[in-house]
Amino acid sequence: MNSLLVLYHSQEYGNTALMAEAVAEGARSAGADVTLLNANERRITMDEYRAFDAVAFGTPDYYSYFAGTLKVFLDDWYLGKKTNPARLSNKPYALFLSHGGGGRAQRSFEDLFKQMGTKVGNTVVSAGRPTPPILEACRALGQQLARAAR
Ligand SMILES: Cc1cc2nc3c(=O)[nH]c(=O)nc-3n(C[C@H](O)[C@H](O)[C@H](O)COP(=O)(O)O)c2cc1C
């Protein structure tokens, strides 16, 4: 069974958390062993990150950029690669974004997370509370990611 991480930031309304749970549900339905982690609650170590076969990253739009906790993750990842690059790069990854009506963070989010490996699917972008079609798109993305990790 593939292990899949859903690493996201959610703090304001739980909008990104709802999307993360839908991605996790889709991935589990495709047979993945899924770990959900809100980066606002805990900082993941690079040794933990190494263990996953695939990863979905989710963020709210904060000032037209992605959330600071995911920037901290990227910084840790870059520095971690210098000391021990094993299993830190080349993972299949997927992205999802929640915004309040702007959504301009999509560009920086996609640009910076390109370093993670091979992107699976399109970024799921949601305005405000995720609608049923958005949650369905998140489930489909989770499934697609779990399949790509095989
Ligand atoms: C500090 C802060 C900055 C934000 N900046 C933006 C922004 O620049 N553009 C935008 O569309 N939404 C912005 N928002 C709205 C959030 O992206 C939106 O409410 C999101 O759904 C919150 O996700 P969450 O409920 O998972 O925390 C901001 C919210 C906060 C708290």
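Here the sequence shown is numbered in our numbering, starting from 1368 and rising by one per residue.
Beta carbons: idealized from backbone N, C-alpha and C, even for Gly.
Just so you know, these numbers come straight off a predicted model, no measurement behind them.
Exposed or buried, Asp1478, counting other C-beta atoms within 10 Å across all chains shown (16 or more means buried)? Position 111 of the sequence shown, counted from the start, is the residue given in the question as residue 1478. Label assigned to Asp1478: exposed.
What residue from Arg1471, Arg1496, Ile1501, Tyr1430 has the CA that sits closest to Tyr1380's CA? On the sequence shown, residue 1380 is found 13 positions in, with the first residue counted as 1. Selected option, being the one with the closest Cα: Arg1496.
Nearest-angstrom beta carbon gap, Val1487 and Gly1425 [assumed within contact, 8 Å]: In the sequence shown, counting from the first residue as 1, residue 1425 sits at position 58. In the sequence shown, counting from the first residue as 1, residue 1487 sits at position 120. Going by Cβ atoms, the distance from Gly1425 to Val1487 rounds to 14 Å, so no, they are not a contact pair.
Counting pairs of Cβ atoms below 8 Å between the segment 1416–1430 and the segment 1380–1393, do you hit three or more? With the cut-off at 8 Å, the segment 1416–1430 and the segment 1380–1393 touch.
Are there any heavy atoms of ligand 1 lying less than 7 Å away from the beta-carbon of Glu1388, as far as the coordinates show? Locating residue 1388 in the sequence shown gives position 21, where the first residue counts as 1. No - ligand 1 has no heavy atom lying nearer than 7 Å to the Cβ of Glu1388.
In the DSSP output, what is Lys1458 paired with across the bridge? Counted from its first residue, the sequence shown places residue 1458 at position 91. Note: Lys1458 sits in a beta bridge opposite Gly1484.
Can Asn1405 be considered in contact with ligand 1, in the sense that its beta carbon sits closer than 7 Å to one or more heavy atoms? The count along the sequence shown starts at 1 and reaches residue 1405 at position 38. Exclusion of Asn1405 from the 7 Å shell around ligand 1 follows from its C-beta lying no nearer than that to any non-hydrogen atom of the ligand.
Identity of the residues DSSP links to Val1401 by a beta bridge: Here residue 1401 refers to the residue found at position 34 of the sequence shown. Within the DSSP bridge table, the entry for Val1401 names Leu1371 as partners.
Quick one: is the Cβ of Gly1381 within less than 7 Å of any heavy atom of ligand 1? In the sequence shown, the residue the question calls residue 1381 occupies position 14. Checking the Cβ of Gly1381 against ligand 1 gives yes.
Run the proximity test for Asp1442: is its beta-carbon closer than 7 Å to any non-hydrogen atom belonging to ligand 1? Stepping through the sequence shown from its first residue, residue 1442 is reached at position 75. No; taking the cut-off as 7 Å, the Cβ of Asp1442 has no heavy atom of ligand 1 nearer than that.
Which whole-angstrom value is the C-beta distance of Thr1485 and Pro1459, which I expect to be below 8 Å? Looking up residue 1485 in the sequence shown gives position 118. Looking up residue 1459 in the sequence shown gives position 92. 5 Å between Cβ atoms; contact.
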